[in-house]
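Trainee: Below you will find the structure I want to go over with you.
Numbering (this note's numbering), first residue to last: 8 to 350.
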């Protein structure tokens, strides 16, 4: 009996040892997986926290096809004006200077006339006028941004540049629309790219050079109150176009630089414009994109005035008709802001 008892206890000891080893193995595997999951989730939450605090004021979502441009995605504003979700960041595209001087043939050749003639010169009876004072200043830091429908033999966004048929024509269109509403407006159509080239500067100096023009204008005219740097997006048409009242409009995107101390004043100004657009033209504005120096210039001359902002009007594929409808809408909202909302 003693021998059998010994064998019994030996078997019990061995089985218990195996059970302990198995349990230990299971425990350490579970703990390891939990640690990995925790670390993974912690990184994800950190990324979400960073994205919430750094880049976006109004949530901009990545286009369904994954394309990106000089700005990011589309505003989802069904519930209101301030939304938060995952961050979509990218650096600003900077073309080589030599590529900006490769003018393509225009189609039709009189594109400048088409842009110039689409706007009415008739004054609107708003009951207001600045009586000769010019209070709005329009300029174009990326002056050669152009539109593919009017350039022959290309459909590539990175080739949408031209020395004449470019974003400055949209700025001039906006100037006319504001003048019609009694708002004296200065439109600076300087070819910043040509100035960069003559001074042997690269494209990254665009805002520094355009800022010189803004400062000069401020010195010459103390009445200037609102400063609009007009651009176009490099996203494709499905991301830059919206149908309103059975007509296509080029979407708007506002860009506010957070790389200076008083950017919140610029943000407040821009919020007012966006919110008014949401009321009068729902969905026309994609929202406000906040960008710091890690994503581009980060200041964009907005330190020179609290009522200063980048306005991207449409994208590379938009037509003059779509751009014009949006310009008229923006001018109407700017007029309402100036006469009724501005403090």
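Cβ atoms here follow ideal geometry from the backbone N, Cα and C, with glycine treated the same way. The structure presented is a predicted model; accordingly, all values stated were derived computationally and were not measured.
Relative to the C-alpha of residue 231, which residue among 207, 139, 322 is closest?
Mentor: Sequence index remark: in the chain shown, residue 231 carries index 224 (1-based). Here the closest residue by C-alpha is 139.
Trainee: On the three-state DSSP scale, how would you describe residue 127?
Mentor: Residue mapping note: residue 127 aligns to position 120 of the chain shown, counting from 1. Three-state result, residue 127: coil.
Trainee: Work out the CA separation of residue 117 and residue 160 for me, nearest whole Å.
Mentor: Counting from one through the chain shown, the residue named residue 160 turns up at place 153. Counting from one through the chain shown, the residue named residue 117 turns up at place 110. Roughly 17 Å separates the two Cα atoms.
Trainee: Within the same chain, show all residues whose beta-carbon is closer than 6 Å to that of residue 334, passing over the 5 residues directly before and after it, in chain order.
Mentor: Stepping through the chain shown from its first residue, residue 334 is reached at position 327. The answer, listed in chain order, is 180, 181, 184.
Trainee: So, residue 214 versus residue 146, is the Cβ gap smaller than 8 Å?
Mentor: Within the chain shown, numbered from 1, the residue matching residue 214 stands at position 207. Within the chain shown, numbered from 1, the residue matching residue 146 stands at position 139. It is not a contact, given that the beta carbons lie outside the stated cut-off.
Trainee: Given this structure, state the Cα-to-Cα distance separating residue 258 from residue 123, to the nearest angstrom.
Mentor: Against the chain shown, residue 258 aligns to sequence position 251. Against the chain shown, residue 123 aligns to sequence position 116. Each residue's Cα considered, the two are about 20 Å apart.
Trainee: Residues in the same chain with beta-carbon distance under 6 Å from residue 346, minus the five sequence neighbours each way, listed in chain order, please.
Mentor: To locate residue 346, count along the chain shown from 1; it is residue 339. For residue 346, where only same-chain residues beyond five positions count, the Cβ hits under 6 Å are 135.
Trainee: Curious, which full-length beta strand (DSSP E) runs of at least 3 residues does the segment 96-179 contain?
Mentor: With a minimum length of 3 residues, the continuous beta strand (DSSP E) runs that stay inside the segment 96-179 are 141-146.
Trainee: Within the chosen definition, does the segment 312-331 reach the segment 225-241 through at least 3 CB pairs nearer than 8 Å?
Mentor: Yes: at least three Cβ pairs fall under 8 Å.
Trainee: Would you say residue 138 reaches chain B, if we count a Cβ-Cβ gap shorter than 8 Å as a contact?
Mentor: No chain B appears in this structure, which consists of one protein chain only.
Trainee: Check the C-beta distance from residue 152 over to residue 173 and give it rounded, since I have them as a contact under 8 Å.
Mentor: In the chain shown, counting from the first residue as 1, residue 152 sits at position 145. In the chain shown, counting from the first residue as 1, residue 173 sits at position 166. Yes, they are in contact, since the Cβ atoms of residue 152 and residue 173 sit about 6 Å apart, within 8 Å.
Trainee: Using beta-carbon positions only, say whether residue 255 and residue 248 come within less than 8 Å of one another.
Mentor: As a first step, residue 255 is located in the chain shown; it is residue number 248 there, counting from the start. As a first step, residue 248 is located in the chain shown; it is residue number 241 there, counting from the start. Taking 8 Å as the Cβ cut-off, residue 255 and residue 248 qualify as a contacting pair.
Trainee: For residue 234, which residues does DSSP report across the bridge?
Mentor: One-based indexing of the chain shown puts residue 234 at position 227. DSSP, once it has assigned bridges, lists 144, 315 as partnering residue 234.
Trainee: Could you tell me if residue 85 is buried or exposed, where buried requires 16 or more neighbouring beta carbons within 10 angstroms of its beta carbon?
Mentor: The residue labelled residue 85 in the question sits at position 78 within the chain shown. Residue placement at residue 85 cannot be trusted, given a pLDDT of 37 that sits under 50; what the coordinates show is reported in the next sentence. That one is exposed.
Trainee: Name the two residues that bound the continuous beta strand (DSSP E) containing residue 248.
Mentor: Walking along the chain shown from the start, residue 248 turns up at place 241. It spans 248-251 - the beta strand (DSSP E) in which residue 248 sits, taken as one unbroken run.
Trainee: Can you say whether residue 163 is buried or exposed, counting buried as having 16 or more other CB atoms within 10 angstroms of its CB?
Mentor: Taking the first residue of the chain shown as position 1, residue 163 is located at position 156. Label assigned to residue 163: exposed.
Trainee: In this structure, how does DSSP classify residue 326 when only helix, strand and coil are distinguished?
Mentor: The residue given as residue 326 occupies position 319 in the chain shown. Of the three classes helix, strand and coil, the one that applies to residue 326 here is coil, per DSSP.
Trainee: Determine the closest residue to residue 229 out of 331, 141, 305, with distance taken between C-alpha atoms.
Mentor: Looking up residue 229 in the chain shown gives position 222. Among 331, 141, 305, the Cα nearest to that of residue 229 is on 141.
Trainee: Which word fits residue 66, buried or exposed, when buried means at least 16 other C-beta atoms lie within 10 angstroms of its C-beta?
Mentor: Mapped onto the chain shown, residue 66 falls at position 59. Annotation note: pLDDT 37 at residue 66 (below 50); position unreliable, coordinate value reported separately. When all chains shown are included, residue 66 counts as buried.
Trainee: Based on the DSSP output, what are the partners of residue 298 in its beta bridges?
Mentor: Within the chain shown, the letter at position 291 stands for residue 298. In DSSP, residue 298 forms a bridge with 264.
Trainee: Once the 5 residues before and after residue 288 are set aside, which same chain residues still bring their CB inside 7 Å of it?
Mentor: As a working mapping, residue 288 is identified with position 281 in the chain shown. Excluding residues within five positions, the ones whose Cβ falls inside 7 Å are 251, 336.
Trainee: Helix, strand or coil: which one does DSSP assign to residue 342?
Mentor: Your numbering for residue 342 matches position 335 in the chain shown. Looking at residue 342 - three-state DSSP - the assignment turns out to be helix.
Trainee: Classify residue 291: buried if its beta carbon has 16 or more other beta carbons within 10 angstroms, exposed otherwise.
Mentor: For the purposes of this step, residue 291 is taken as residue 284 along the chain shown, with counting starting at 1. With 16 or more other Cβ atoms within 10 Å, it is buried.
Trainee: In the DSSP assignment, what are the bridge partners of residue 193?
Mentor: As a working mapping, residue 193 is identified with position 186 in the chain shown. For residue 193, which the question treats as bridged, DSSP gives the partners 144.
Trainee: Roughly how many angstroms lie between the CA atoms of residue 111 and residue 104, to the nearest whole one?
Mentor: Start at 1 with the first residue of the chain shown, and residue 111 comes out as number 104. Start at 1 with the first residue of the chain shown, and residue 104 comes out as number 97. Near 15 Å, if we compare the C-alpha coordinates of residue 104 and residue 111.
Trainee: Could you please give the first and the last residue of the uninterrupted beta strand (DSSP E) stretch that includes residue 254?
Mentor: If you number the chain shown from 1, residue 254 lands on position 247. Residues 254-257.
Trainee: Using only CA atoms, which one of 310, 276, 177, 274 lies nearest to residue 120?
Mentor: As a position in the chain shown, residue 120 is number 113, starting the count at 1. Of the listed residues, the one whose Cα sits closest to residue 120 is 177.
Trainee: Under the three-state reduction of DSSP, which class applies to residue 212: helix, strand or coil?
Mentor: One-based indexing of the chain shown puts residue 212 at position 205. Three-state result, residue 212: helix.
Trainee: State yes or no: is the C-beta of residue 294 within less than 8 Å of the C-beta of residue 260?
Mentor: Looking up residue 294 in the chain shown gives position 287. Looking up residue 260 in the chain shown gives position 253. In this structure, residue 260 lies closer than 8 Å to residue 294 by Cβ.
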